[in-house]
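Q:
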Amino acid sequence: MNPSASKPRPVYTGRVVIVGNGGSVDVMPAWFWHQPGVEYIGTNRCLALAACRDVTWSSLCMRDCYRKMFTTDNHGSDYHRQLWKPSEAYKVGDGHDRATWCDEFINQVAGWQHERVEDRNHEASIMRNSSVVLMAANWAWICGARDLALIGVDYSLPHHAMMAEPWQSYPHGDPQQYARRVSRGIERQFSQARTAIEAAGGRIVNLSPGTKLRAIAQGKGPDDYEPIEIRTAQGMPTEG
1 MNPSASKPRP VYTGRVVIVG NGGSVDVMPA WFWHQPGVEY IGTNRCLALA
51 ACRDVTWSSL CMRDCYRKMF TTDNHGSDYH RQLWKPSEAY KVGDGHDRAT
101 WCDEFINQVA GWQHERVEDR NHEASIMRNS SVVLMAANWA WICGARDLAL
151 IGVDYSLPHH AMMAEPWQSY PHGDPQQYAR RVSRGIERQF SQARTAIEAA
201 GGRIVNLSPG TKLRAIAQGK GPDDYEPIEI RTAQGMPTEG
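For the sequence shown, my numbering assigns the number 1 to the initial residue and increments by one for each residue that follows.
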């Protein structure tokens, strides 16, 4: 579904914060969600998170069908109808399942995609992944982002950020899902993304306190802003 083909696709030139659904979302200070010059990309159930109810989202990414957002299909349908569809943010979905209401669908291919290359349907591709955060990161990259920060990417307990009512009362997954170590496949995918980003002169940092993910360097705090090199329009570091 494509509600507004004329909606302009975001172009990112500054820091982009990608918001997962992990419990570290709840510990960020209020100012973190309203930083001047920072763009926020939400994923999956972010619109129902209590800490994020007043965030201005630049874009939203959903990797799976909206029906999978909660344990029961009807709660996922409520989320889709009441929060996802009315949001004014630019919405991005995975091309393998087109039931979710989106402005754009993207396809998964092998390897990090450094630039936007469209197929005959005018759809771009991103790195094949098992995480909506990686989906959002590669899509943001081909939209110009070179400074990426992650939050809510914990892979640890408590596994999910607190939801606002009535969403808090809806079941949304196995509470013990992240009691185990991060899988080698997930670590490998994040490592592949980090290597590609850094080789092209970009930066990615995980601001999630207590994360189990080891593939992405952990930031020192919510305001972890280390300068990165000035880049050319093609996204590569300048000489000198």
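Positions of the beta carbon are idealized from the N, C-alpha and C atoms, including for glycine.
So is threonine 13 buried or exposed if we call it buried at 16+ other beta carbons inside 10 Å?
A: Start at 1 with the first residue of the sequence shown, and residue 13 comes out as number 13. So threonine 13 ends up on the exposed side.
Q: Return helix, strand or coil for arginine 194, following the three-state DSSP convention.
A: Counting from one through the sequence shown, the residue named residue 194 turns up at place 194. Here arginine 194 sits in helix by DSSP.
Q: How close, in whole Å, do the beta carbons of methionine 127 and threonine 100 come, if the pair is a contact with beta carbons under 8 Å?
A: Walking along the sequence shown from the start, residue 127 turns up at place 127. Walking along the sequence shown from the start, residue 100 turns up at place 100. Not quite, the Cβ-Cβ distance comes to about 20 Å (not below 8 Å), so this is no contact.
Q: Roughly how many angstroms lie between the CA atoms of isoleucine 142 and methionine 163, to the nearest whole one?
A: In the sequence shown, the residue the question calls residue 142 occupies position 142. In the sequence shown, the residue the question calls residue 163 occupies position 163. Cα-Cα distance, rounded: 31 Å.
Q: Cα separation between leucine 134 and alanine 51?
A: Here residue 134 is taken as the residue at index 134 of the sequence shown, counted from 1. Here residue 51 is taken as the residue at index 51 of the sequence shown, counted from 1. Approximately 22 Å, taken between the alpha carbons.
Q: Comparing alpha-carbon positions, which option in Ile216, Leu207 and Ala48 lies nearest proline 29?
A: As a position in the sequence shown, residue 29 is number 29, starting the count at 1. Nearest of Ile216, Leu207 and Ala48 to proline 29, Cα basis: Leu207.
Q: Pick from Arg45, Asn107 and Val55: whose alpha carbon is nearest that of glutamine 35?
A: Position 35 of the sequence shown, counted from the start, is the residue given in the question as residue 35. It is Val55.
Q: Taking Cβ positions, are alanine 252 and asparagine 74 nearer each other than 8 Å?
A: Any question about residue 252 goes unanswered here, given that the chain covers just 1 to 240.
Q: Determine the closest residue to valine 38 out of Met69, Ser58 and Thr195, with distance taken between C-alpha atoms.
A: Residue mapping note: residue 38 aligns to position 38 of the sequence shown, counting from 1. The shortest C-alpha separation from valine 38 is found at Ser58.
Q: Are threonine 246 and alanine 136 close, meaning C-beta to C-beta below 8 Å?
A: There is simply no residue 246 to check, as the chain begins at 1 and stops at 240 in what is shown.
Q: Can you grab the Cα-Cα spacing for the pair aspartate 223 / phenylalanine 32, in whole Å?
A: Counting from one through the sequence shown, the residue named residue 223 turns up at place 223. Counting from one through the sequence shown, the residue named residue 32 turns up at place 32. Computed Cα separation, rounded: 8 Å.
Q: Just to confirm the assignment, what range does the alpha helix (DSSP H) spanning serine 327 have?
A: An answer regarding residue 327 cannot be provided, because it is not within the stretch 1 to 240 covered by the chain.
Q: Can you list, in chain order, the residues of its chain whose CB lies under 7 Å from that of arginine 53, leaving out five sequence neighbours each side?
A: As a working mapping, residue 53 is identified with position 53 in the sequence shown. Excluding positions up to five away in sequence, the list reads Ala164.
Q: Could you give the residue range of the beta strand (DSSP E) that holds isoleucine 216?
A: If you number the sequence shown from 1, residue 216 lands on position 216. It is not in any beta strand (DSSP E) - isoleucine 216 carries neither H nor E in the DSSP assignment.
Q: Are the CB atoms of arginine 9 and tyrosine 90 nearer to each other than 8 Å?
A: Stepping through the sequence shown from its first residue, residue 9 is reached at position 9. Stepping through the sequence shown from its first residue, residue 90 is reached at position 90. Yes, these two residues count as a Cβ contact at 8 Å.
Q: Which one or two residues does DSSP pair with valine 205 in a beta bridge?
A: Indexing the sequence shown from 1 puts residue 205 at position 205. DSSP, once it has assigned bridges, lists Ala149 as partnering valine 205.
Q: May I ask you to list the residues that DSSP assigns as paired with phenylalanine 93?
A: The residue labelled residue 93 in the question sits at position 93 within the sequence shown. Residue 93 is actually glycine in this sequence, not phenylalanine. For glycine 93, which the question treats as bridged, DSSP gives the partners Met62 and Phe105.
Q: Using the Cβ count rule (16 or more neighbours within 10 Å means buried), how would you classify glycine 111?
A: Locating residue 111 in the sequence shown gives position 111, counting from the first residue. The residue is exposed, with fewer than 16 neighbouring Cβ atoms inside 10 Å.
Q: Based on the DSSP secondary-structure assignment, which residues constitute the bridge partners of methionine 127?
A: Here residue 127 refers to the residue found at position 127 of the sequence shown. Looking at the DSSP assignment, methionine 127 forms a beta bridge with Val109.
Q: Going by Cα to Cα distance, which pick from Asn129, Leu148, Val205 and Leu150 is closest to arginine 184?
A: Here residue 184 is taken as the residue at index 184 of the sequence shown, counted from 1. Comparing Cα positions, the closest option is Asn129.
Q: Look up threonine 43 in the DSSP assignment and give the residues it is bridged to.
A: Along the sequence shown, one-based indexing puts residue 43 at 43. Looking at the DSSP assignment, threonine 43 forms a beta bridge with Cys61.
Q: Nearest by alpha-carbon distance to glutamate 123: which of Lys85, Ala48, Leu213 and Gly93 is it?
A: Here residue 123 refers to the residue found at position 123 when the sequence shown is read from its first residue. For the residues Lys85, Ala48, Leu213 and Gly93, the minimum Cα distance to glutamate 123 belongs to Gly93.
Q: When the distance is taken between beta carbons, is aspartate 97 closer than 8 Å to aspartate 147?
A: For the purposes of this step, residue 147 is taken as residue 147 along the sequence shown, with counting starting at 1. For the purposes of this step, residue 97 is taken as residue 97 along the sequence shown, with counting starting at 1. Going by C-beta atoms, aspartate 147 is not nearer than 8 Å to aspartate 97.
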